[in-house]
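What follows is one structure encoded as structure tokens, with my remarks underneath.
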Amino acid sequence: MSFGTLTKDYRDKKLILNLVKVIKEEFSNDSYKFMHVCGTHEDTVTKHGLRNVLPKNIEVVAGPGCPVCVTHPEKIELALRLLEEKENVILTTFGDMYRVPSRYRRSFSHAKAQGFNVKIVYSISDAIKIAKENNDKEVVHFAVGFETTAPSTASTLLQNPPENFSIISAHLTVPPVLDYLLASGEIAVQGLILPGHVSTIIGSRAYEFLADKYKVPQVIAGFEPLDVIIALKMLLEQVKKGERKIENEYERVVKPYGNLRAKKLMNKVFKQEDAKWRGLGKVPNSGLDLKPEFEKFNAIIKFDINLPEITKDIEDGCRCSEVIKGLAKPEECQLFRSVCTPYDPRGPCMVSIEGTCAIAYKYGSLSLKSN
Amino acid sequence: MCLGVPGRLVKVTGTKGIVSFGGAKREVDLSLIEKPIVGDYVIVHAGFAIGKIDKNEAKKTIKILKETFTSL
Numbered sequence: 084m085s086f087g088t089l090t091k092d093y094r095d096k097k098l099i100l101n102l103v104k105v106i107k108e109e110f111s112n113d114s115y116k117f118m119h120v121c122g123t124h125e126d127t128v129t130k131h132g133l134r135n136v137l138p139k140n141i142e143v144v145a146g147p148g149c150p151v152c153v154t155h156p157e158k159i160e161l162a163l164r165l166l167e168e169k170e171n172v173i174l175t176t177f178g179d180m181y182r183v184p185s186r187y188r189r190s191f192s193h194a195k196a197q198g199f200n201v202k203i204v205y206s207i208s209d210a211i212k213i214a215k216e217n218n219d220k221e222v223v224h225f226a227v228g229f230e231t232t233a234p235s236t237a238s239t240l241l242q243n244p245p246e247n248f249s250i251i252s253a254h255l256t257v258p259p260v261l262d263y264l265l266a267s268g269e270i271a272v273q274g275l276i277l278p279g280h281v282s283t284i285i286g287s288r289a290y291e292f293l294a295d296k297y298k299v300p301q302v303i304a305g306f307e308p309l310d311v312i313i314a315l316k317m318l319l320e321q322v323k324k325g326e327r328k329i330e331n332e333y334e335r336v337v338k339p340y341g342n343l344r345a346k347k348l349m350n351k352v353f354k355q356e357d358a359k360w361r362g363l364g365k366v367p368n369s370g371l372d373l374k375p376e377f378e379k380f381n382a383i384i385k386f387d388i389n390l391p392e393i394t395k396d397i398e399d400g401c402r403c404s405e406v407i408k409g410l411a412k413p414e415e416c417q418l419f420r421s422v423c424t425p426y427d428p429r430g431p432c433m434v435s436i437e438g439t440c441a442i443a444y445k446y447g448s449l450s451l452k453s454n
Numbered sequence: 690m691c692l693g694v695p696g697r698l699v700k701v702t703g704t705k706g707i708v709s710f711g712g713a714k715r716e717v718d719l720s721l722i723e724k725p726i727v728g729d730y731v732i733v734h735a736g737f738a739i740g741k742i743d744k745n746e747a748k749k750t751i752k753i754l755k756e757t758f759t760s761l
């Protein structure tokens, strides 16, 4: 197989348009609304203009699929306090997190501008290298991400990291938030497009309880435009037949039980806890905190920093909390493109490259209007 | 954030490896996958290979679709 087969065929315009034609012919009578829960899916949908080729009666909305966007400002504030109160600390962060404001628009980038030591890393492995090169300093890694990223944190902590290394765990997990959203009844969708890379780790079986509990069609999808269109067709067929099951469009990567090795490492290092999601509230069992035996790598305990309580997690006027539930589109927010831009973001959805507002800003508007 | 980039494993040294992304190469941690072998196609996320790509499955989907539309 050539490298091209991995991506080229899944971007084949002719195949995509042929499939859309079939969808238009078969599903023209009713209105359908589906939600994906992955920033990379939003990027695929918007970048490839899929909303423009899909018929108007089929709507695809973005859910809380960007871990950076839903990271609670309490965690950001915690890291900022650590920088301000302790000496010789280097904070490492993924680039996506760098400009996310906590309250009063404070962010890691502001801290850097004030002279604090903040370094952007591509991987937690880079943070380890920084710790080894700076053994007179403490390196604290801001560990953010869903199940896709959490195993890399777990594996790193199990590979004897240096003593001057610790983390703030802001890891969150996807099935509990889907449970929370579906239970709330707020999101009126007929099916879910499940995130391919979270599912690579946790497997398709991890969503079975949702199918049983809410009778909602679910399809795991890959990230090329053809993947998303195939997944939509699978969902539409389930709705039509009255089926409520989990299907896997991304079989080339996702297995029923996921990545067993990665799951084992995660379970060794993390325990589940209730966690606050920005714009959503406290979601039971959705956070990953370090187990007691890994306390020496827990920056909160190591440096005895208190978690600040922030009740107002979204700035006035910002509609991120509706955007992440698919209840508002970016251009329906009065701040969008006016005072809120990727260069000076007011809300978290405008910061991350996978935030719904940032994607809409970058590629133009989400053109699908209900009419 | 959950962006995963497909690439081909071109070198394996213990739990570290080199992955080629259409020619651009990068060191990748292989500790999350079972038995990485040179030639494997993997999904890389934040410097870690998180899963292998089943070449046959990838080909199968495309083949079925192409056949469907040829027969229409």
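Heads up: the protein sequence lines correspond to chains A and B, in order.
Take any residue in the first sequence, note its place counting from 1, add 83, and you have its number in the numbering used here.
Take any residue in the second sequence, note its place counting from 1, add 689, and you have its number in the numbering used here.
C-beta atoms are modelled at their ideal positions from N, C-alpha and C, and glycine is treated no differently.
For residue j and residue i, the rounded distance between their alpha carbons
i	j	result
Val120 of chain A	Ile276 of chain A	7 Å
Ser453 of chain A	Pro138 of chain A	Residue confidence is low: Ser453 of chain A scores 39 on pLDDT, short of 50, so the model does not pin down where it sits. Its coordinate-derived value is still stated next. Straight-line Cα distance between these residues: approximately 11 Å.
Pro413 of chain A	Cys403 of chain A	8 Å
Met118 of chain A	Glu330 of chain A	15 Å
Asp310 of chain A	Pro147 of chain A	20 Å
Ile722 of chain B	Gln197 of chain A	41 Å
Ile739 of chain B	Pro245 of chain A	24 Å
Lys298 of chain A	Asp262 of chain A	12 Å
Pro725 of chain B	Cys423 of chain A	45 Å
Asp372 of chain A	Glu356 of chain A	7 Å
Gly122 of chain A	Arg134 of chain A	15 Å
Thr231 of chain A	Asp718 of chain B	14 Å
Phe737 of chain B	Glu108 of chain A	42 Å
Phe710 of chain B	Lys395 of chain A	43 Å
Arg94 of chain A	Ala271 of chain A	30 Å
Gly305 of chain A	Asn171 of chain A	43 Å
Leu449 of chain A	Ser114 of chain A	Note that Leu449 of chain A has pLDDT 46, beneath the 50 cutoff, so the model's placement of it is unreliable and the number below is only indicative. C-alpha separation (whole angstroms): 18 Å.
Ile99 of chain A	Leu319 of chain A	16 Å
Lys359 of chain A	Ile436 of chain A	22 Å
For residue i, the first and last residue of its enclosing alpha helix (DSSP H)
i	result
Ala738 of chain B	Segment Phe737 to Lys741 is the beta strand (DSSP E) holding Ala738 of chain B; no alpha helix (DSSP H) there.
Thr236 of chain A	Ala233 to Leu240
Arg456 of chain A	Nothing in the structure corresponds to residue 456 of chain A, since chain A is present only between 84 and 454.
Val299 of chain A	Element bounds for Val299 of chain A: n/a, residue is neither H nor E.
Val128 of chain A	Gly122 to Lys130
Residue burial classification, residue i (beta-carbon count within 10 angstroms, cutoff 16)
i	result
Pro695 of chain B	buried
Lys91 of chain A	exposed
Asp387 of chain A	exposed
Lys749 of chain B	exposed
Tyr181 of chain A	buried
Asp179 of chain A	buried
Ala747 of chain B	buried
Lys104 of chain A	exposed
Tyr426 of chain A	exposed
Ile753 of chain B	exposed
Glu756 of chain B	exposed
Asn112 of chain A	exposed
Lys700 of chain B	exposed
Ser252 of chain A	buried
Arg188 of chain A	exposed
Gly430 of chain A	buried
Lys445 of chain A	exposed
Spatially closest choice to residue i from the options, by CA coordinates
i	options	result
Ile383 of chain A	A:Ile159, A:Tyr93 and A:Leu418	A:Ile159
Leu390 of chain A	A:Gly325, A:Leu165 and A:Glu142	A:Leu165
Val708 of chain B	B:Ile722, B:Val727 and B:Glu723	B:Val727
Gly325 of chain A	A:Pro244, A:Lys385, A:Lys220 and A:Gln301	A:Gln301
Lys385 of chain A	A:Phe353, A:Phe110, A:Val422 and A:Lys169	A:Lys169
Ile732 of chain B	A:Asp427, A:Val336, A:Ala314 and A:Glu392	A:Val336
Lys379 of chain A	A:Phe177, A:Pro156, A:Val223 and A:Lys338	A:Val223
Met317 of chain A	A:Val281, A:Glu398, A:Val422 and A:Phe110	A:Phe110
Val434 of chain A	A:Ile251, A:Ser185, A:Glu167 and A:Asn135	A:Ser185
Tyr730 of chain B	B:Phe737, B:Leu692 and B:Leu698	B:Leu698
Gly409 of chain A	A:Glu142, A:Asp95, A:Pro428 and A:Ser235	A:Glu142
Ala266 of chain A	A:Phe292, A:His155 and A:Val281	A:Phe292
His155 of chain A	A:Gly228, A:Gly268 and A:Leu348	A:Gly228
Glu167 of chain A	A:Pro150, A:Ser190 and A:Ala145	A:Ser190
Ile285 of chain A	A:Leu319, A:Glu332, A:Ser249 and A:Met349	A:Met349
Ser238 of chain A	A:Val183, A:Gln273 and A:Ile211	A:Ile211
Lys365 of chain A	A:Glu216, A:Leu240, A:Thr176 and A:Leu255	A:Leu255
Glu480 of chain A	A:Gln417, A:Val352, A:Asn217 and A:Thr283	The first residue shown for chain A is 84 and the last is 454, placing residue 480 of chain A beyond what the model contains.
CB-CB length for residue i against residue j, believed under 8 Å
i	j	result
Ala289 of chain A	Pro258 of chain A	6 Å
His131 of chain A	Pro308 of chain A	4 Å
Arg361 of chain A	Val153 of chain A	5 Å
Leu174 of chain A	Asn140 of chain A	Contact flag wrong, Cβ pair sits at about 48 Å.
Val151 of chain A	Val183 of chain A	6 Å
Ile442 of chain A	Glu125 of chain A	5 Å
Extent of the continuous beta strand (DSSP E) to which residue i belongs
i	result
His734 of chain B	Tyr730 to His734
Arg697 of chain B	Val694 to Thr702
Pro367 of chain A	Gly364 to Leu373
Arg715 of chain B	Ala713 to Asp718
Any C-beta of chain E under 8 Å from that of residue i
i	result
Gly736 of chain B	Checking the listed chains, one finds no chain E in this structure; the protein chains it contains are A and B.
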